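Enquirer: Taken in sequence, the protein lines are chains B and W. Heads up: the first sequence begins at 31 in the numbering used here, then just goes up one per residue. Heads up: the second sequence begins at 3 in the numbering used here, then just goes up one per residue. Note that the Cβ used here is the ideal one computed from N, Cα and C, for glycine as well. Predicted model, so just to flag it, every value in this text is computed and none were measured. Got a structure for you, written out below as structure tokens; questions coming shortly.
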Amino acid sequence: MVLRRLFVTLIAAALATAALHASDDLPSILISRQLSESEHLDIGDVVRLSAGEAGSAVQQFRVAGVYEPTPNPARLGAVIREVQLHLPDLLKLTREAGTPAGSEYVQTINVALVDPRDADAFSRDVQARMPGVQAQPATGAAESTGPFLVLRRFHLAIAIVTIVASTVFLLALTIMLVDERRAAVGVLRLIGLPIRRIIVQLFIEGALIATVGSLFGLVLSLVSEGLINRFFQWRYDTALTFVRVTPEVAATCVAIAVPLGVSATVVASWALLRRNGLRLVRR
Amino acid sequence: MNAMGFAWRSLVRQPARASLGVLGVAAVGALLFDMLLLSQGLVISMRGLLERTGFDLRVTATDALPGSGPLIPDAVADARAIATLPSVRSAIALRFANAVVLDGSARGLYTSFQGVEGTATHPWTILQGRDIGGGAEVVINENAATRLHAGPGARIMLRASCTNEEQALPPVAFTVAGIAQFPFDTLNGTTVAASLAQLGEACGGNESSEADVIMVASQESAGPDAAVADVAKLLPGLRVLSNAEAVNRFERGGFTYFRQISTVLTTVTLAFAVLLITVLLTVSINQRLGEIAALRALGFSRWRVVADVFCESVLIVGGGGLLSLPLGGLLAVGLDGILKRIPGIPADVHFFVFQPSALQLHLLLLAATAVIAALYPIRIVARLPIAATLRDEVVG
Numbered sequence: 031m032v033l034r035r036l037f038v039t040l041i042a043a044a045l046a047t048a049a050l051h052a053s054d055d056l057p058s059i060l061i062s063r064q065l066s067e068s069e070h071l072d073i074g075d076v077v078r079l080s081a082g083e084a085g086s087a088v089q090q091f092r093v094a095g096v097y098e099p100t101p102n103p104a105r106l107g108a109v110i111r112e113v114q115l116h117l118p119d120l121l122k123l124t125r126e127a128g129t130p131a132g133s134e135y136v137q138t139i140n141v142a143l144v145d146p147r148d149a150d151a152f153s154r155d156v157q158a159r160m161p162g163v164q165a166q167p168a169t170g171a172a173e174s175t176g177p178f179l180v181l182r183r184f185h186l187a188i189a190i191v192t193i194v195a196s197t198v199f200l201l202a203l204t205i206m207l208v209d210e211r212r213a214a215v216g217v218l219r220l221i222g223l224p225i226r227r228i229i230v231q232l233f234i235e236g237a238l239i240a241t242v243g244s245l246f247g248l249v250l251s252l253v254s255e256g257l258i259n260r261f262f263q264w265r266y267d268t269a270l271t272f273v274r275v276t277p278e279v280a281a282t283c284v285a286i287a288v289p290l291g292v293s294a295t296v297v298a299s300w301a302l303l304r305r306n307g308l309r310l311v312r313r
Numbered sequence: 003m004n005a006m007g008f009a010w011r012s013l014v015r016q017p018a019r020a021s022l023g024v025l026g027v028a029a030v031g032a033l034l035f036d037m038l039l040l041s042q043g044l045v046i047s048m049r050g051l052l053e054r055t056g057f058d059l060r061v062t063a064t065d066a067l068p069g070s071g072p073l074i075p076d077a078v079a080d081a082r083a084i085a086t087l088p089s090v091r092s093a094i095a096l097r098f099a100n101a102v103v104l105d106g107s108a109r110g111l112y113t114s115f116q117g118v119e120g121t122a123t124h125p126w127t128i129l130q131g132r133d134i135g136g137g138a139e140v141v142i143n144e145n146a147a148t149r150l151h152a153g154p155g156a157r158i159m160l161r162a163s164c165t166n167e168e169q170a171l172p173p174v175a176f177t178v179a180g181i182a183q184f185p186f187d188t189l190n191g192t193t194v195a196a197s198l199a200q201l202g203e204a205c206g207g208n209e210s211s212e213a214d215v216i217m218v219a220s221q222e223s224a225g226p227d228a229a230v231a232d233v234a235k236l237l238p239g240l241r242v243l244s245n246a247e248a249v250n251r252f253e254r255g256g257f258t259y260f261r262q263i264s265t266v267l268t269t270v271t272l273a274f275a276v277l278l279i280t281v282l283l284t285v286s287i288n289q290r291l292g293e294i295a296a297l298r299a300l301g302f303s304r305w306r307v308v309a310d311v312f313c314e315s316v317l318i319v320g321g322g323g324l325l326s327l328p329l330g331g332l333l334a335v336g337l338d339g340i341l342k343r344i345p346g347i348p349a350d351v352h353f354f355v356f357q358p359s360a361l362q363l364h365l366l367l368l369a370a371t372a373v374i375a376a377l378y379p380i381r382i383v384a385r386l387p388i389a390a391t392l393r394d395e396v397v398g
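Below, the structure written as structure tokens:
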């Protein structure tokens, strides 16, 4: 909320920038890329900020840099117009008259550990020593929150439906492809090849086709990964990554696709191989 | 025998592949149908929810959502002034806070706490007991009643939390007047509501006329647009939003993600369906080239065999499309159940909402799929050289 009020005041201040006589001892601030673009602010500009909507208790700051906001899925769709101040500057700007300095509070303290692997133990230790304070490791915090767990389940459910649909189509296709080779299989049976030998051959063929298909699918997903990310990053003006094909995801896809392809080939072939060789070659 | 009947017999002759084709289209069609329901579902559901509350205008101090922005300073007086406007039927001031109900457990029951004051009926439906009166009374929702084991007449103690800062307000005693249903309750959320004055007392007694939002019901004869104009003229320092504007803002917010994802998945699903049906038909046609050439030699016209192939495509896509509707309905219920677990989503809001336009678009897209998927196989049969194909069949 503080940021929003700051922004409202900042618009008026930006228009008056040229008229300001800046001095080098002004406190510095960082502004988000979106704010820089929307208000045409650049490094070195002087702006006036106020914590009150009425524009009272105005202070001058110099823009020291423009930053890309840390991608935050919870703020998807919002135009992030932010100003980053040094904490003492912010407290000075927002402190109400009559409030003694040092009596303010902060919402969050970010802690960088010497060894990040100690995060769990550290958070437990802080919570035990300081009741009422919630300490949580930053890694995995996003994944453990409700919306992302729910979205993950939603995407998983859609993936399952897609796999079911693909399997059905795959089975239909392999039945037709195997049927197309009915005469060839019949000849192989008639010249003496045992069913086991033909099944092994079909199995290897199925495995090769499924592997090549999976690899092609992975290449396609890598290409679409870039396209989807670019589209959504453009649409929401964010640096957030929406799709990421990790080695684990790729391995899972191959682990599902190859056995499915092989199974479909063998299942489709089985009915054919149970028939007599003469019936297979009969026209 | 007409083309449709002939295509039907062609499919029935090979029931396994025809059934699998239809089932595949049904699965893809179900996903497509769900994505169409998802594209507008949330917005339609939210619009319905806003309309069901009986209020068509929302007045707030800033553009922030009610409960996340600053309070309206003299909300009770403003609500009374709004209620006197000729285009307005009634108005109520509503304030949102939090509270911990002291239920004997170590932490108590954390709940949302609403205060209401104004000329309209309260924005909740009484399920059991009665509505709040003038004294220290509250109504609670069913989740709160279940967790507190409290019904009408029960006494509860709660400690309110009315600002973002840490507070240590004294607990206040209330009598439960009734159990109510609140329109924006979440699936597992608990809600307690009292009069604005009682909430102000629980908040320390200094802010009893402040509110987050004033909800306004317009006169049917005037309509919401006239009421918006009148309220904005009366209170130029406040923001006035009609339901339509609120939905429009919601549509542009973070939940557009679901519309975007539905667009992407609809496109991918359609491309997938076209590709696979084309392959199915093409392989099937390639296996029957000799048969088709024989039919042409017997006197079937080029257009007739083209119509046969097209009808096969229509039958596969049509059969799968019909099956996709009940399948899609079942799938939508399951996916809706998953998405409704997102924290903060009101229980009455749905992500997948049926609408006739979605069904029409679904049928239109499936029809287009049937046509596009049949194009390549049609090209094959239309250009089939009869004599050469028959000779190849005999020699082969």
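1) Taking the straight line between their C-alpha atoms, what separation do you get for Gly-207/W and Val-102/W?
2) Identify which residue in Leu-56/B, Thr-124/B, Arg-182/B has its Cα closest to the Cα of Arg-92/B.
3) Between Ala-234/W and Leu-240/W, is the Cβ-Cβ spacing less than 9 Å?
4) Which residues in chain B have a C-beta closer than 7 Å to the C-beta of Ala-29/W? List them in chain order.
5) Name the two residues that bound the continuous beta strand (DSSP E) containing Phe-91/B.
6) Would you kindly work out how many angstroms separate the C-alpha atoms of Asp-267/B and Thr-100/B, rounded to a whole number?
7) Three-state secondary structure (DSSP) at Phe-176/W?
8) Examine chain W for any beta-carbon lying closer than 9 Å to the beta-carbon of Ile-110/B, and answer yes or no.
9) Closer than 7 Å by C-beta to Ala-32/W: which residues in its own chain qualify, once you throw out the five before and the five after it? Chain order, please.
10) Going along chain W in order, which residues have a C-beta closer than 8 Å to the C-beta of Pro-177/B?
11) Please state whether DSSP places Arg-241/W in a helix, a strand or coil.
12) For Gln-262/W, would you say it is in contact with chain B, using Cβ-to-Cβ distances shorter than 9 Å as the test?
13) Counting only runs that start and end within the stretch 85-114 of chain W, where is the beta strand (DSSP E) found for 3 or more residues in a row?
14) Ignore the nearest five residues each way along the sequence and tell me which others in Arg-54/W's own chain have a CB closer than 7 Å to its CB.
15) Just to confirm my understanding: we take Asn-259/B, look at its own chain, exclude 5 residues before and 5 after, and list those with CB closer than 7 Å. What are they?
16) Residues of the stretch 15-39 of chain W with a CB closer than 8 Å to any CB of chain B: list them in chain order, please.
17) Is there a Cβ of chain W sitting closer than 9 Å to that of Arg-304/B, yes or no?
18) Would you call Ile-380/W buried or exposed, if buried means 16 or more other Cβ atoms sit within 10 Å of its Cβ?
19) List, in order along the chain, the chain B residues whose C-beta lies closer than 8 Å to that of Gln-289/W?
20) With DSSP collapsed to three states, give me the class of Gly-74/B.
21) If I follow the unbroken beta strand (DSSP E) through Glu-139/W, where does it start and stop?
22) Taking 8 Å as the limit between beta carbons, can you name the residues of its chain near Gly-71/W, skipping five residues before and five after?
23) If you draw a straight line from the alpha carbon of Asn-399/W to that of Phe-246/B, how long is it in whole angstroms?
24) With a cut-off of 8 Å on the beta carbons, I'd call Val-296/B and Ile-229/B a contact; round off their distance for me.
25) Suppose the cutoff is 8 Å on Cβ atoms and the five residues either side in sequence are ignored; what does the same chain contact list for Pro-154/W look like?
26) With a floor of 4 residues, list each alpha helix (DSSP H) that falls wholly inside the stretch 263-337 of chain W, ordered by position along the chain.
27) How long is the line joining the alpha carbons of Leu-96/W and Leu-171/W, rounded to whole angstroms?
28) Would you say the stretch 211-229 of chain B touches the stretch 296-316 of chain W, given that touching needs at least three Cβ pairs under 8 Å?
29) Let me make sure I understand the geometry here. Which of Gly-322/W, Leu-40/W, Glu-222/W has the alpha-carbon closest to that of Ala-275/W?
30) Using 9 Å as the limit for Cβ to Cβ distance, is Ile-321/B near chain W?
31) Kindly indicate which three-state DSSP category Val-217/B falls into: helix, strand or coil?
32) Using C-beta distances below 6 Å, list every residue in its chain close to Ser-299/B, excluding the 5 sequence neighbours before and after it, in chain order.
33) Which of the three DSSP states, helix, strand or coil, is assigned to Arg-11/W?
34) Where Arg-60/W and Pro-118/B are concerned, what is the direct C-alpha to C-alpha distance, given to the nearest angstrom?
35) Helix, strand or coil for Gln-114/B per DSSP?
36) Taking any Cβ of chain W, which residues in the stretch 251-265 of chain B have a Cβ under 9 Å from it, in chain order?
Expert: In short, the structure shows the following:
1) 18 Å
2) Leu-56/B
3) yes
4) Val-191, Val-194, Ala-195, Val-198
5) Where Phe-91/B is concerned, the enclosing beta strand (DSSP E) stretches over 89-97.
6) 12 Å
7) strand
8) no
9) Ser-326, Leu-329, Gly-330, Leu-333
10) One finds Ile-344, Pro-345 in chain W with Cβ atoms closer than 8 Å to the Cβ of Pro-177/B, taken in chain order.
11) If DSSP states are grouped into helix, strand and coil, Arg-241/W belongs with the strands.
12) yes
13) 90-103
14) Pro-185
15) Thr-271, Phe-272, Val-273
16) Ala-18, Arg-19, Leu-22, Gly-23, Leu-25, Gly-26, Ala-29, Val-30, Ala-32, Leu-33
17) no
18) buried
19) Within chain B, the residues near Gln-289/W are Met-206, Asp-209, Glu-210.
20) coil
21) 139-142
22) Thr-62, Ala-63, Thr-64, Asp-65, Asp-214
23) Outside the shown range of chain W, which is 3 to 398, sits residue 399/W, and nothing can be said about it.
24) 7 Å
25) Gln-130, Gly-131, Arg-132, Val-178, Ala-179, Gly-180, Ile-181
26) 291-300
27) Between Leu-96/W and Leu-171/W, the C-alpha separation is close to 21 Å.
28) no
29) Gly-322/W
30) There is simply no residue 321/B to check, as chain B begins at 31 and stops at 313 in what is shown.
31) helix
32) Val-208, Leu-232
33) helix
34) Between the alpha carbons of Arg-60/W and Pro-118/B lies a gap of roughly 38 Å.
35) strand
36) Listed in sequence order: Ser-254, Ile-258, Phe-261, Phe-262, Arg-265.
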